[in-house]
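According to mature numbering (1 follows the signal peptide of the UniProt record, and there is no 0), the stretch in the sequence shown is residues -16 to -1, 1 to 167, in order. Cβ atoms here follow ideal geometry from the backbone N, Cα and C, with glycine treated the same way.
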Amino acid sequence: MGIFFCLFYFHGQARATSLQSCVMVIRIMRDLCNRVPTWAPLNAWALELLTEKVISTAGCPLCLGEALRRLLECVAGGILLPGGPGLADPCEKEPVDAIGGMTAQQREDITASAQHALRLVAFRQIHKVLGMEQLPPPKHKARFTRKRRRDNSNGEGTDSEASKKDKKAEETKAEIKMETDSK
């Protein structure tokens, strides 16, 4: 009976399907649990609860990458640790931790693995987290290839707004003088 209630809670109320990236993040995390032995103790129900809770509390719709990063941030922050807030199972009448069957060591290992995965994502190596080969670099340069302005020895920019206005005024004066001289 508990299994049917859990299915009703998760799918019947369409809590996960109303969140754009929830199902995709669950698929990615299931793959991670299957590939990486450290994540194997995290059962599917706890993973679905955690993902739904993390994404639904964001306050705004998240794209897939933002949702995955938010999930990793929550796990890396210690939500699964024994002293942490835990993961309440909404299908139980009494307060029950959905990951109660995990040992303290397994929880710490998953937390450390999430911290490492978050570092990889931050340093543009998400392909290692996803277990795939690195994508080739783009053929076209990025849109924002503009370099920073150089600073002079005083620490001031050489192309400040004031100097631009002065140059423009000088150009205007020179044009007026040329027109006057040619007449």
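Pair within 9 Å by beta-carbon distance, residue i and residue j
{"i": "G70", "j": "A88", "result": "no"}
{"i": "S40", "j": "C6", "result": "yes"}
{"i": "S97", "j": "T35", "result": "no"}
{"i": "P25", "j": "Q90", "result": "yes"}
{"i": "A51", "j": "A42", "result": "yes"}
{"i": "A59", "j": "I94", "result": "A small fix is needed here, since residue 59 is Val in this sequence, not Ala. Contact: yes."}
{"i": "L55", "j": "E92", "result": "no"}
Cβ shell of residue i (< 7 Å), same chain only, five flanking positions each side left out
{"i": "M8", "result": "L48"}
Proximal residues to residue i (C-beta, below 6 Å), its chain only, five neighbours per side dropped
{"i": "R108", "result": "none"}
{"i": "M86", "result": "P25"}
{"i": "L16", "result": "W23"}
Cutoff 8 Å; reference residue i; Cβ partners in own chain excluding five residues on either side
{"i": "K37", "result": "L71"}
{"i": "K112", "result": "L104"}
{"i": "R53", "result": "L102 and V105"}
{"i": "E154", "result": "none"}
Supposed close pair residue i, residue j - CB separation, criterion 8 Å
{"i": "R14", "j": "L31", "result": "7 Å"}
{"i": "I110", "j": "L104", "result": "7 Å"}
{"i": "I114", "j": "I12", "result": "As written in the sequence, residue 114 is Leu, which differs from the Ile given in the question. That belief holds up - the Cβ atoms of L114 and I12 are roughly 7 Å apart, short of 8 Å."}
Problem - Residue ranges of each beta strand (DSSP E) within the region 65 to 111, 3 or longer - result: With a minimum length of 3 residues, there is no unbroken run of beta strand (DSSP E) contained wholly in the region 65 to 111.
Handout entry: Segments assigned alpha helix (DSSP H), at least 4 residues, entirely inside the region 2 to 55
Key = Runs found: 6 to 19 and 28 to 40.
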